[in-house]
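Student:
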Amino acid sequence: MSDSFREVTSVSWFGRIKRAVGGVVFGLLLIVLMVIGLFWNEGRAVQTARSLAEGSGTVVSVGADSVDAGNDGKLVHVTGPVTADSGLADPDFGIAAQGLRLSRSVEMYQWKEEQKSETTKKLGGGEETVTTYSYSRVWDDSQIDSADFKKPDGHQNPPMAIHSKTFQIPDGKLGAFTLDTPVLDRIEGDKEFSLSSSQSAAIKAAYSGTKPVGIVDGRIYLGADTTSPTLGDYRIGYDLAPLGVVSIVARQSGSQFEPYQTVAGDQLLMVDIGDVPAAKMFADAVSENTLITWLLRAVGLLLLTIGFALLLGPIGVILDVIPFLGSIARMGTGIIAFFLAILVGTTTIAIAWFWYRPLLAVGILAAGLIAAAAVYYLGRSRRAAAPAAAPSVGTPT
Numbered sequence: 013m014s015d016s017f018r019e020v021t022s023v024s025w026f027g028r029i030k031r032a033v034g035g036v037v038f039g040l041l042l043i044v045l046m047v048i049g050l051f052w053n054e055g056r057a058v059q060t061a062r063s064l065a066e067g068s069g070t071v072v073s074v075g076a077d078s079v080d081a082g083n084d085g086k087l088v089h090v091t092g093p094v095t096a097d098s099g100l101a102d103p104d105f106g107i108a109a110q111g112l113r114l115s116r117s118v119e120m121y122q123w124k125e126e127q128k129s130e131t132t133k134k135l136g137g138g139e140e141t142v143t144t145y146s147y148s149r150v151w152d153d154s155q156i157d158s159a160d161f162k163k164p165d166g167h168q169n170p171p172m173a174i175h176s177k178t179f180q181i182p183d184g185k186l187g188a189f190t191l192d193t194p195v196l197d198r199i200e201g202d203k204e205f206s207l208s209s210s211q212s213a214a215i216k217a218a219y220s221g222t223k224p225v226g227i228v229d230g231r232i233y234l235g236a237d238t239t240s241p242t243l244g245d246y247r248i249g250y251d252l253a254p255l256g257v258v259s260i261v262a263r264q265s266g267s268q269f270e271p272y273q274t275v276a277g278d279q280l281l282m283v284d285i286g287d288v289p290a291a292k293m294f295a296d297a298v299s300e301n302t303l304i305t306w307l308l309r310a311v312g313l314l315l316l317t318i319g320f321a322l323l324l325g326p327i328g329v330i331l332d333v334i335p336f337l338g339s340i341a342r343m344g345t346g347i348i349a350f351f352l353a354i355l356v357g358t359t360t361i362a363i364a365w366f367w368y369r370p371l372l373a374v375g376i377l378a379a380g381l382i383a384a385a386a387v388y389y390l391g392r393s394r395r396a397a398a399p400a401a402a403p404s405v406g407t408p409t
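Following the working numbering, the numbering of the sequence shown begins with 13 at its first residue and continues without gaps.
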């Protein structure tokens, strides 16, 4: 079920110019923030790389069967099966399981507003926007506030009384070691925990609400008709992080694990599922650091482009007196914004390299200059040798 309505709004040419000037201020702020962010990202990447190199060179692999006091304060690598003294339970629905973590995910059937806008430039620089607001009933895992809808009448959502929640064991055991919350939080591997009809009685006994209770596709359904949901119906599913083998790299503190403070600056506390050697854990962390670095560079360059586009925005608005000219201007300013972003972004990254990695930067620069000089002199020598190698032509007699 869905419905919609349209709204037409207009902005004058002077109103658009005023808005574009505000965009210039925001664009300048965005450019400054992105330059700072790109510079910071290079420093973060270097610090993390040095910390991982430091940790890789000092880590000690130890057994999980006993705690050696001689390793206290050291960076250790431990592998083994995790055990728990207690089980997991969701008392609201009488669900019990064995594992590290039980996660309840809740969806409620409710109204959702979506909007789509189409903007048309008018002769004289004005702008007309037609916005279509559409309303449909959907399953959503968070409360949608219908009071914020453009047309709340007839689309009121009931309050969401049941929410997602996570139940985790307070501590676990890895051989002779104790695993507390900071370590347990890093253990992933959550899998769908499907419910069966045999659990219906326990669920109905624990549920304190008034809605009919059923189990559909391994999940709890609160509502009268699973094939035709009504507003306020719920779907409740579970994920379970099972007990299993984990590998940990951390600072040994008695029988527990803590983040290891490196001289380079980072704190190391790494957890992987399965029997993973220390060398692979560090190699994976290095790859992750490289990926994050490039992602942040890409995001920084994209936001720089947006910043420069906002900075140049008034040009297109001013020329929108004749819409055709405004469109051409925006195309040109978009290209200029892109090239300015590349120029400023790469320059910032290069300066950060000199700041954070001066020896490496100088070495790369020197290698580039040597290569350029070699190509230049090789080209000159070939040109000088060409006339001498040319055969002489005699005059016939």
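Glycine residues also receive a C-beta, built at the ideal position from the N, C-alpha and C atoms. The structure displayed is predicted, hence computed values, not measured ones.
Considering Cα atoms alone, identify which of Ala276, Gly344 and Ala349 is closest to Ala57.
Tutor: Selected option, being the one with the closest Cα: Ala276.
Student: Excluding five sequence neighbours on each side, which residues of the same chain lie with their C-beta closer than 6 Å to the C-beta of Phe51?
Tutor: Closer than 6 Å at the Cβ level, and outside the excluded window around Phe51, lie Thr360 and Ala364.
Student: Under 8 Å, with one C-beta from each stretch per pair, do the segment 134-141 and the segment 203-217 reach the 3-pair mark?
Tutor: Taking 8 Å as the limit for Cβ pairs, the verdict is that the segment 203-217 does not touch the segment 134-141.
Student: Are Leu42 and Leu322 touching if we call contact CB-CB under 8 Å?
Tutor: Their beta carbons are under 8 Å apart, which means Leu42 touches Leu322 by this criterion.
Student: Check each candidate in Ser265, Val257, Lys223 and Leu331 and name the one with the smallest Cα separation from Pro289.
Tutor: Nearest C-alpha to Pro289: Val257.
Student: Do you know whose CA, among Trp367, Arg149, Met282 and Gln273, lies nearest Ser240's CA?
Tutor: Taking only the C-alpha atoms, the option nearest Ser240 is Arg149.
Student: Considering only their Cβ atoms, is the gap separating Leu352 from Asn53 smaller than 8 Å?
Tutor: Cβ distance not < 8 Å, so Asn53 and Leu352 don't count as in contact.
Student: Please state whether DSSP places Phe350 in a helix, a strand or coil.
Tutor: Helix, per DSSP.
Student: According to DSSP, Glu19 sits in a beta bridge with which residue or residues?
Tutor: DSSP, once it has assigned bridges, lists Thr143 as partnering Glu19.
Student: Go ahead and label Phe269 buried or exposed: buried means 16 or more other beta carbons lie within 10 angstroms of its beta carbon, across all protein chains shown.
Tutor: Label assigned to Phe269: buried.
Student: Evaluate the contact criterion for the segment 245-265 versus the segment 190-204: three or more CB pairs, one atom per stretch, below 8 Å.
Tutor: Touching, yes.
Student: Which ranges would you report for the beta strand (DSSP E) in the segment 246-283 if only whole runs of at least 3 residues count?
Tutor: Complete beta strand (DSSP E) runs here, min 3: 246-253, 257-265 and 268-270.
Student: On the three-state DSSP scale, how would you describe Thr91?
Tutor: In this structure, Thr91 counts as strand in the three-state DSSP scheme.
Student: Where Gly85 and Gln264 are concerned, what is the direct C-alpha to C-alpha distance, given to the nearest angstrom?
Tutor: Going by the C-alpha atoms only, they are around 5 Å apart.
Student: Quick one: is Tyr435 buried, meaning 16 or more other Cβ sit within 10 Å of its Cβ, or exposed?
Tutor: Because residue 435 is not part of the residues shown, which for the chain are 13 to 409, the question remains open.
Student: By Cβ distance below 7 Å, which residues in the same chain neighbour Arg231 in space, the five residues on each side in sequence not counted?
Tutor: These residues qualify, in order along the chain: Leu207, Arg247, Ile248 and Gly249.
Student: CA-CA distance, Gly27 and Gly328?
Tutor: One C-alpha to the other measures close to 14 Å.
Student: State the Cα-Cα distance for the pair Asp284 and Gly82, rounded to the nearest angstrom.
Tutor: The alpha-carbon atoms of Asp284 and Gly82 are separated by roughly 25 Å.
Student: Within 10 angstroms of its Cβ, does Gln122 collect 16 or more other Cβ (buried), or is it exposed?
Tutor: With 16 or more other Cβ atoms within 10 Å, it is buried.
Student: For Gly39 and Gly319, which I take to be in contact (beta-carbon distance under 8 Å), what is that distance rounded to the nearest angstrom?
Tutor: At roughly 5 Å, the Cβ-Cβ gap stays under 8 Å, so Gly39 and Gly319 are in contact.
Student: Mind checking Arg392: buried by the 16 CB within 10 Å criterion, or exposed?
Tutor: Exposed, by the Cβ-count rule.
Student: Thinking C-beta only, is Arg18 closer than 8 Å to Thr144?
Tutor: Contact flag set, yes.
Student: Measuring straight from C-alpha to C-alpha, what distance separates Pro93 and Ser73?
Tutor: Using only the alpha carbons, I get a separation of about 16 Å.
Student: Output the distance between the C-alpha atoms of Asp80 and Trp367, rounded to the nearest integer angstrom.
Tutor: Straight-line Cα distance between these residues: approximately 42 Å.
Student: What residue from Leu281, Val298 and Asp251 has the CA that sits closest to Ser176's CA?
Tutor: That would be Asp251, whose Cα lies nearest to the Cα of Ser176.
Student: Kindly indicate which three-state DSSP category Tyr4 falls into: helix, strand or coil?
Tutor: The chain is shown only over 13 to 409; residue 4 falls outside these bounds and no answer can be derived.
Student: Does DSSP put Glu126 in a helix, a strand or coil?
Tutor: It is a strand residue.
Student: Check whether the Cβ atoms of Leu112 and Ala101 lie closer than 8 Å to each other.
Tutor: No.
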